[in-house]
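Colleague: Got a structure here, written out as structure tokens. Questions coming.
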Ligand SMILES: Cc1cc2nc3c(=O)[nH]c(=O)nc-3n(C[C@H](O)[C@H](O)[C@H](O)COP(=O)(O)OP(=O)(O)OC[C@H]3O[C@@H](n4cnc5c(N)ncnc54)[C@H](O)[C@@H]3O)c2cc1C
């Protein structure tokens, strides 16, 4: 069923009786050509591009819980491509281009809204770094503008300019960045994949891998053994657990990242704003809630909920930046399990096990990467060669000394 304005109008006249479930609920088959483990944004996007772009068939996505129940439905919805390093910038630039055509491509409203992302700077050194970053962004053909303090004030008069502990000296604005409705991204990719024959199998936790003579043969699941010629792992915060089933230890730690939403307010924020003197980022949802977040909780965890010290830290960041946030009531807070790599950049690579591929290490940036990650992972699985924009995301870069440390802050998850 194709969705359109006319279809909505027509169904309105018929009492909305003609809508069909957005995807099927198939029983697992005994064997597939390709199995993707993880029905989050990256797993679903991979299955979608495998079927739609790379001409693959007999594909299944195995999801432990329900589609979109992981980080893809828990994040703060920010999309942008304002990266500095050559290993990252072309990849995120490619992702932005896919975001721009995505809704037409999979015929689903993911509410992609290019309302702008403004990174604030608070020192002269930080402004210099932003100038360098802006130039790197221009080299990829993407947009970036350096604003001075007066321009930021005109755009965001509610920020603390008068007695701020960290005075705002300006900001780097990427107008093409913005937000997208996170769970609709999962549903859109799921629907698009299902329409192309991919089996999306929920409540199907993978519990083991069958590997013989260095080759993957299939996976053990709570719904029985399923054979596969190729298996792609895209389980975000559970990457370490899954790859341990293949005898591998990853350069990844799992941490909780929390997010927060306030009660609905009148339209206030022009786009996404990030604080440059602490870790705090905020946008406003279409319903009016302020959606914001900060640092990961500082200890390793597989729990999808966090603790009070980070809530306090995020609240302090918010108050330092825009004191009026102290008048808004907090509606909800939640957490997701983040796959934090040692340099803050992801991994899209083959593994030492033939036929087993890994997509992991997304840290804070995995939502904006969803389209390019799915596309590149599908490219890797279908052609056994990395996509040109994802060549740097090798698993062995940590051993070889080729870390992609975007912030230049060192090799620990709490630093980036
Ligand atoms: C609070 C928060 C805020 C964030 N904000 C942003 C942001 O603003 N911008 C941004 O770019 N990124 C953001 N991120 C990061 C981003 O959401 C993640 O990096 C990205 O969603 C991870 O990829 P995914 O969507 O595939 O993960 P997930 O949605 O977590 O998908 C992984 C799936 O694997 C499944 N799984 C796990 N184990 C198994 C198993 N054994 N068998 C079968 N299935 C299994 C899980 O159930 C899950 O559904 C945020 C993350 C959080 C938690």
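In the working numbering, the protein residues as written are 167 to 582.
Using N, Cα and C, we set each Cβ at its ideal position, and we do this for glycine too.
Per DSSP, residue 504 forms a beta bridge with which residues?
Modeller: Position 338 of the chain shown holds residue 504. Its beta-bridge partners are 421.
Colleague: Would you identify the three-state DSSP class for residue 449, choosing helix, strand or coil?
Modeller: On the chain shown, residue 449 is found 283 positions in, with the first residue counted as 1. Reduced to three states, the DSSP call for residue 449 is strand.
Colleague: Any chance the segment 328-343 sits against the segment 270-289, with 3 or more Cβ pairs inside 8 Å?
Modeller: Short answer: they touch.
Colleague: Spell out the partners DSSP gives residue 334 in its beta bridges.
Modeller: Your numbering for residue 334 matches position 168 in the chain shown. DSSP, once it has assigned bridges, lists no residue as partnering residue 334.
Colleague: Closest by CA to residue 403, which one among 503, 424, 448 and 232?
Modeller: For the purposes of this step, residue 403 is taken as residue 237 along the chain shown, with counting starting at 1. Here the closest residue by C-alpha is 503.
Colleague: Closer than 7 Å: is that where the CB of residue 471 sits relative to any heavy atom of ligand 1?
Modeller: Residue mapping note: residue 471 aligns to position 305 of the chain shown, counting from 1. Outside the cutoff, so no.
Colleague: According to DSSP, simplified to helix, strand and coil, what is residue 266?
Modeller: For the purposes of this step, residue 266 is identified with residue 100 of the chain shown, where counting begins at 1. Residue state, collapsed to three classes: helix.
Colleague: Could you please give me the residues that DSSP links to residue 167 through a beta bridge?
Modeller: On the chain shown, position 1 is the one that residue 167 refers to. BP columns for residue 167 are empty, so no partner.
Colleague: Quick one: what's residue 515 bridged to in DSSP?
Modeller: The residue labelled residue 515 in the question sits at position 349 within the chain shown. Residue 515 pairs with 524.
Colleague: List the endpoints of the continuous beta strand (DSSP E) containing residue 494.
Modeller: By 1-based counting over the chain shown, the position of residue 494 is 328. Where residue 494 is concerned, there is no enclosing beta strand (DSSP E), given that its DSSP letter is neither H nor E.
Colleague: Quick one: grab the DSSP three-state call for residue 573.
Modeller: As a position in the chain shown, residue 573 is number 407, starting the count at 1. Note: residue 573 maps to coil in three-state DSSP.
Colleague: Keeping to the same chain, check which residues put their C-beta closer than 6 Å to that of residue 229; ignore five residues upstream and five downstream.
Modeller: Walking along the chain shown from the start, residue 229 turns up at place 63. 205 and 368, listed in sequence order.
Colleague: By alpha-carbon positions, which one of 508, 356, 196 and 374 ends up nearest to residue 151?
Modeller: As displayed, the chain neither begins before 167 nor continues past 582, which places residue 151 out of reach and without an answer.
Colleague: Is residue 189 a contact residue of ligand 1, with contact defined as CB to any heavy atom under 7 Å?
Modeller: By 1-based counting over the chain shown, the position of residue 189 is 23. False, no ligand heavy atom lies under 7 Å from that Cβ.
Colleague: Spatial neighbours of residue 167 within its chain, please: C-beta separation below 7 Å, excluding the five flanking residues on both sides.
Modeller: The sequence position of residue 167 within the chain shown is 1, counting from 1. Only 186 meet the Cβ criterion.
Colleague: Cβ of residue 581 within 7 Å of any heavy atom in ligand 1?
Modeller: The residue you call residue 581 lines up with position 415 of the chain shown. No, Cβ of residue 581 sits at least 7 Å from all heavy atoms of ligand 1.
Colleague: Between which two residues does the beta strand (DSSP E) holding residue 324 run?
Modeller: Locating residue 324 in the chain shown gives position 158, counting from the first residue. Counting along the chain, residue 324 falls outside any beta strand (DSSP E), and DSSP gives it neither H nor E.
Colleague: Is residue 235 close to ligand 1? I mean its beta-carbon at under 7 Å from any heavy atom of the ligand.
Modeller: Along the chain shown, one-based indexing puts residue 235 at 69. Yes, since a heavy atom of ligand 1 falls inside the 7 Å radius drawn around the Cβ of residue 235.
Colleague: Where are the alpha helix (DSSP H) runs, 4 residues long or more, that stay fully inside the segment 339-414, in chain order?
Modeller: Counting only runs of 4 or more, we get 348-361 and 405-410.
Colleague: Identify every residue that forms a DSSP beta bridge with residue 314.
Modeller: On the chain shown, position 148 is the one that residue 314 refers to. Answer is 336, bridged to residue 314.
Colleague: What does the alpha-carbon distance come out to for the pair residue 284 and residue 439?
Modeller: As a working mapping, residue 284 is identified with position 118 in the chain shown. As a working mapping, residue 439 is identified with position 273 in the chain shown. Taking the straight line from one Cα to the other gives about 5 Å.
Colleague: I'd like to confirm something about residue 573: is its beta-carbon nearer than 7 Å to some heavy atom of ligand 1, or not?
Modeller: Stepping through the chain shown from its first residue, residue 573 is reached at position 407. No, Cβ of residue 573 sits at least 7 Å from all heavy atoms of ligand 1.
Colleague: For residue 353, verify whether its CB is less than 7 Å away from any heavy atom of ligand 1.
Modeller: Locating residue 353 in the chain shown gives position 187, where the first residue counts as 1. False, no ligand heavy atom lies under 7 Å from that Cβ.
Colleague: Enumerate in chain order the residues of its own chain whose CB-to-CB distance from residue 561 is below 6 Å, with the five nearest sequence positions on each side excluded.
Modeller: The residue labelled residue 561 in the question sits at position 395 within the chain shown. Same-chain partners within the cutoff: 513 and 515.
Colleague: Just checking my contact of residue 356 with residue 264 at CB under 8 Å: how many whole Å lie between their CB atoms?
Modeller: Within the chain shown, the letter at position 190 stands for residue 356. Within the chain shown, the letter at position 98 stands for residue 264. No, residue 356 and residue 264 are not in contact; Cβ-Cβ is about 17 Å, not under 8 Å.
Colleague: Rounded to whole angstroms, what is the Cα-Cα separation between residue 225 and residue 190?
Modeller: Counted from its first residue, the chain shown places residue 225 at position 59. Counted from its first residue, the chain shown places residue 190 at position 24. Cα to Cα, residue 225 sits roughly 14 Å from residue 190.
Colleague: Quick one: what's got a C-beta closer than 8 Å to residue 254's C-beta in the same chain, skipping five residues either side?
Modeller: Here the question's residue 254 lines up with position 88 in the chain shown. Taken in chain order, the residues that qualify are 511, 558, 570 and 572.
Colleague: Using the Cα positions of residue 518 and residue 380, report the straight-line distance between them to the nearest angstrom.
Modeller: Sequence index remark: in the chain shown, residue 518 carries index 352 (1-based). Sequence index remark: in the chain shown, residue 380 carries index 214 (1-based). When rounded, the distance between both Cα atoms is 8 Å.
Colleague: Residue ranges of each beta strand (DSSP E) run of no fewer than 3 residues wholly in the segment 454-498, ordered along the chain?
Modeller: Here the runs fully enclosed are 455-466.
Colleague: Hey, how far is the Cα of residue 362 from the Cα of residue 449?
Modeller: Numbered from 1 along the chain shown, position 196 holds the residue referred to as residue 362. Numbered from 1 along the chain shown, position 283 holds the residue referred to as residue 449. Going from the Cα of residue 362 to the Cα of residue 449 covers about 35 Å.
Colleague: Answer yes or no: do residue 201 and residue 462 have a C-beta to C-beta separation smaller than 8 Å?
Modeller: Here residue 201 corresponds to residue number 35 of the chain shown, with the count starting at 1. Here residue 462 corresponds to residue number 296 of the chain shown, with the count starting at 1. No; because the gap between Cβ atoms is not below 8 Å, this pair is not in contact.
Colleague: State the Cα-Cα distance for the pair residue 261 and residue 424, rounded to the nearest angstrom.
Modeller: Reading the chain shown from its first residue, position 95 is the one you call residue 261. Reading the chain shown from its first residue, position 258 is the one you call residue 424. Cα-Cα distance, rounded: 24 Å.
Colleague: Would you identify the three-state DSSP class for residue 199, choosing helix, strand or coil?
Modeller: Looking up residue 199 in the chain shown gives position 33. Residue state, collapsed to three classes: strand.
Colleague: Say yes only if the C-beta of residue 170 is nearer than 7 Å to one or more non-hydrogen atoms of ligand 1, and no if none qualify.
Modeller: On the chain shown, residue 170 is found 4 positions in, with the first residue counted as 1. Incorrect: residue 170 has no Cβ contact closer than 7 Å to ligand 1.
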